[in-house]
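Undergrad:
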Amino acid sequence: MKARLRAVERVVKKWRTVLLIDSKWDVAVGAAIDKEDPNTIASIDLDYGSYWNAEITVYPKLIDNTEYFKENLDAAVIHELLHLVMWPLTSFAVNLAGNDSEREVNKLDDQIVKQLEKVFCGRKKKKKVVG
Ligand SMILES: [Zn+2]
Numbered sequence: 192m193k194a195r196l197r198a199v200e201r202v203v204k205k206w207r208t209v210l211l212i213d214s215k216w217d218v219a220v221g222a223a224i225d226k227e228d229p230n231t232i233a234s235i236d237l238d239y240g241s242y243w244n245a246e247i248t249v250y251p252k253l254i255d256n257t258e259y260f261k262e263n264l265d266a267a268v269i270h271e272l273l274h275l276v277m278w279p280l281t282s283f284a285v286n287l288a289g290n291d292s293e294r295e296v297n298k299l300d301d302q303i304v305k306q307l308e309k310v311f312c313g314r315k316k317k318k319k320v321v322g
């Protein structure tokens with residue numbers, strides 16, 4: 192587990208450099224050991240008090256399977272870091288549109304992030320690995 196988290200931290204560091212997310216941002220890495228969610232491999236929590244603090248959480252689906260981990264780690268990290276970059280605009284849109292529209296704004300945010308993720312990862316389809 193610790194080795195996997197260190198690997199995630201190294202990949203976060205690599206992509207922070209590429210995405211120009213400099214040292215102003217404090218991006219921690221953690222694991223959601225007991226949160227089984229078949230649809231989630233990683234997430235990012237942004238500190239609403241400070242845009243500059245965030246934590247990327249990796250889920251068992253990503254870190255429990257070596258092959259899946261190798262295949263999907265870069266894309267997962269890029270995806271979550273792009274949510275960080277998008278956050279000021281998304282936050283502003285939620286405030287403007289109201290809480291009733293938060294789900295719709297977040298859906299659009301994710302759509303844009305997935306498109307930008309392809310820019311960095313190419314168009315290859317993620318390999319599905321069960322287990
Ligand atoms: Zn997303």
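In the numbering used here, the protein residues as written are 192 to 322.
Cβ atoms here follow ideal geometry from the backbone N, Cα and C, with glycine treated the same way.
1. Say yes only if the C-beta of Asp238 is nearer than 7 Å to one or more non-hydrogen atoms of ligand 1, and no if none qualify.
2. Please give the ranges of any beta strand (DSSP E) in the stretch 232-305, keeping only runs that are unbroken, at least 3 residues long and fully inside the region.
3. Can you tell me the Cβ-Cβ gap for Ala267 and Leu253, rounded? I've got them flagged as a contact below 8 Å.
4. Taking the alpha-carbon positions, what's the Thr257 to Thr231 distance?
5. Judging by CA-CA distance, which residue of Leu272, Lys298 and Gly313 is the nearest neighbour of Leu211?
6. Thinking Asp255 and Val202 are a contact (beta carbons under 8 Å), I'd like their distance in whole angstroms, please.
7. May I ask you to report which of helix, strand or coil DSSP gives Ala223?
8. How about Val304: is its Cβ closer than 7 Å to a heavy atom in ligand 1?
9. Just the Cα atoms here: how many angstroms apart are Val249 and Glu200?
10. What is the rounded straight-line gap between the Cα of Asn263 and the Cα of Val285?
TA: Based on what the coordinates show:
1. It does not: the Cβ of Asp238 is nowhere closer than 7 Å to a heavy atom of ligand 1.
2. If we require 3 residues or more, the beta strand (DSSP E) runs fully inside the stretch 232-305 come out as 233-237 and 244-249.
3. Contact flag correct, Cβ pair sits at about 6 Å.
4. So the alpha carbons of these two residues sit roughly 17 Å apart.
5. Among Leu272, Lys298 and Gly313, the Cα nearest to that of Leu211 is on Leu272.
6. About 17 Å separates the two Cβ atoms, so there is no contact after all.
7. In the structure shown, Ala223 sits in coil (DSSP, three-state: anything other than H, G, I, E or B).
8. Flag set: Cβ of Val304 near ligand 1.
9. Looking at the backbone, the Cα of Val249 and that of Glu200 are separated by about 11 Å.
10. Straight-line measurement puts the Cα of Val285 at about 29 Å from the Cα of Asn263.
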